[in-house]
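Student:
In UniProt numbering, the protein residues as written are 1 to 271.
1. Out of 236, 216, 76, 6, which has the shortest C-alpha to C-alpha gap to residue 248?
2. List the residues that DSSP assigns as beta-bridge partners of residue 54.
3. Per the contact definition of three or more C-beta pairs closer than 8 Å, is the stretch 201-210 in contact with the stretch 50-63?
4. Considering only DSSP beta bridges, list what residue 84 is partnered with.
5. Note the first and the last residue of the continuous alpha helix (DSSP H) segment covering residue 13.
6. Pick helix, strand or coil for residue 173, following the three-state DSSP scheme.
7. May I have the straight-line CA-CA distance separating residue 4 from residue 190, to the nearest angstrom?
8. Please list the terminal residues of the continuous alpha helix (DSSP H) segment that includes residue 167.
9. Quick check: the Cα distance between residue 36 and residue 253, rounded to an integer number of angstroms?
10. Assuming residue 42 contacts residue 55 under a Cβ cut-off of 8 Å, what Cβ separation, rounded to an integer in Å, is found between them?
11. Between which two residues does the alpha helix (DSSP H) carrying residue 185 extend?
12. Between which two residues does the alpha helix (DSSP H) harbouring residue 42 extend?
13. Mind reading off the beta-carbon distance from residue 234 to residue 199? Whole number of angstroms is fine, and I expect it under 8 Å.
14. How many angstroms separate the CA atom of residue 61 from the CA atom of residue 174?
15. In the structure shown, what three-state DSSP assignment does residue 206 receive?
16. Distance, Cα to Cα, residue 229 vs residue 71?
17. In the DSSP assignment, find the unbroken alpha helix (DSSP H) run with residue 222 in it and report its ends.
18. I want to check one thing, is the minimum distance from the CB of residue 42 to the heavy atoms of the ligand GTP below 7 Å?
19. Below 8 Å on the Cβ atoms is my guess for residue 172 versus residue 213; work out the distance and round it to an integer in Å.
20. Are the beta-carbon atoms belonging to residue 38 and residue 75 less than 8 Å from one another?
21. Check each candidate in 90, 28, 232, 168 and name the one with the smallest Cα separation from residue 196.
22. From the DSSP output, in three-state form, read off residue 2 for me.
Quick look at the structure:
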């Protein structure tokens, strides 16, 4: 039996992809773009033995086009959140430390796994090493142009692109319609999270259902800037645009409140 078979956590690639999507959705505020990309790349290698992959940090770094240090940091965060589990291995020839087996965990086990990872880290103990001489095949880095890719290509998991309709009804209609023109559910969930954080930084009481227009305008402005290659960091520019929209709404509300207060005082004095 292949050594990875004992670490398999799913019955099919489809189940792996569903778990990855659910992990990303549940941890939308904890995971950044690099963390998400790392998880998706791990999933790509966890196909033959669904959920288990043997990846060097150097290989993962190349796949996500980041430094080895950044790749390790992303992997440690995924493990800390209970999304993956790292299993230490030893080299068969010289007995040295080998690349970790990375196991994608089912969502239902994520909290328990996080506790296990934390406990092991505190004790400074690793799991029993597994002997292996298998090297993970290297692949070419892929382009990552945010706007140019089609909706299917926008999801790194080739086998399971989640349709935008999955979030229909969960977002204010105007905002959902604006975002669904360009992205699938996973990206919509991410960018809606950016919108909520930007709004909360100004005034979390603003009701998007009643004041969607400035946020939709900010969204379209950012998309146009990205298409014309005028911005380098899409997420940062989007956050700033949403924050400006929130201030626009807040100023309108304050003006309306002041006007109503003046009317109230004038009415009381007339009495």
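Every residue gets a Cβ at the ideal spot worked out from N, C-alpha and C, and that includes glycine.
Tutor: Put simply:
1. Indexing the chain shown from 1 puts residue 248 at position 248. Selected option, being the one with the closest Cα: 216.
2. Walking along the chain shown from the start, residue 54 turns up at place 54. Per DSSP, 101.
3. no
4. On the chain shown, position 84 is the one that residue 84 refers to. Beta-bridge pairing links residue 84 to 104.
5. For the purposes of this step, residue 13 is taken as residue 13 along the chain shown, with counting starting at 1. Where residue 13 is concerned, the enclosing alpha helix (DSSP H) stretches over 13-26.
6. Within the chain shown, numbered from 1, the residue matching residue 173 stands at position 173. Reduced to three states, the DSSP call for residue 173 is helix.
7. Translated into positions along the chain shown, residue 4 becomes position 4. Translated into positions along the chain shown, residue 190 becomes position 190. So the alpha carbons of these two residues sit roughly 33 Å apart.
8. For the purposes of this step, residue 167 is taken as the residue at position 167 of the chain shown. Careful: residue 167 lies outside any alpha helix (DSSP H) and carries neither H nor E.
9. Numbered from 1 along the chain shown, position 36 holds the residue referred to as residue 36. Numbered from 1 along the chain shown, position 253 holds the residue referred to as residue 253. Rounded to whole angstroms, residue 36 to residue 253 spans 37 Å at the Cα level.
10. Numbered from 1 along the chain shown, position 42 holds the residue referred to as residue 42. Numbered from 1 along the chain shown, position 55 holds the residue referred to as residue 55. Indeed they touch by this definition, with Cβ atoms about 6 Å apart.
11. Taking the chain shown and counting its residues from 1, one reaches residue 185 at position 185. First-last of the alpha helix (DSSP H) with residue 185: 185-203.
12. Position 42 of the chain shown, counted from the start, is the residue given in the question as residue 42. Here the alpha helix (DSSP H) through residue 42 covers 33-45.
13. Translated into positions along the chain shown, residue 234 becomes position 234. Translated into positions along the chain shown, residue 199 becomes position 199. Not really, about 18 Å apart at Cβ, beyond 8 Å.
14. Counted from its first residue, the chain shown places residue 61 at position 61. Counted from its first residue, the chain shown places residue 174 at position 174. So the two alpha carbons sit approximately 38 Å from each other.
15. As a first step, residue 206 is located in the chain shown; it is residue number 206 there, counting from the start. The answer is coil: DSSP assigns residue 206 none of H, G, I, E or B.
16. As a working note, residue 229 is residue 229 in the chain shown. As a working note, residue 71 is residue 71 in the chain shown. Distance between the alpha carbons of residue 229 and residue 71 is about 27 Å.
17. Along the chain shown, read from residue 1 onward, the residue named residue 222 stands at position 222. From DSSP, the alpha helix (DSSP H) with residue 222 extends over 213-227.
18. Ligands displayed in this structure: none; no statement on the ligand GTP is therefore possible.
19. Stepping through the chain shown from its first residue, residue 172 is reached at position 172. Stepping through the chain shown from its first residue, residue 213 is reached at position 213. Wrong, their Cβ atoms sit about 11 Å apart, outside the cutoff.
20. Within the chain shown, the letter at position 38 stands for residue 38. Within the chain shown, the letter at position 75 stands for residue 75. It is a contact, given that the beta carbons lie within the stated cut-off.
21. Counting from 1 along the chain shown, the entry for residue 196 is found at position 196. Selected option, being the one with the closest Cα: 28.
22. One-based indexing of the chain shown puts residue 2 at position 2. The answer is coil: DSSP assigns residue 2 none of H, G, I, E or B.
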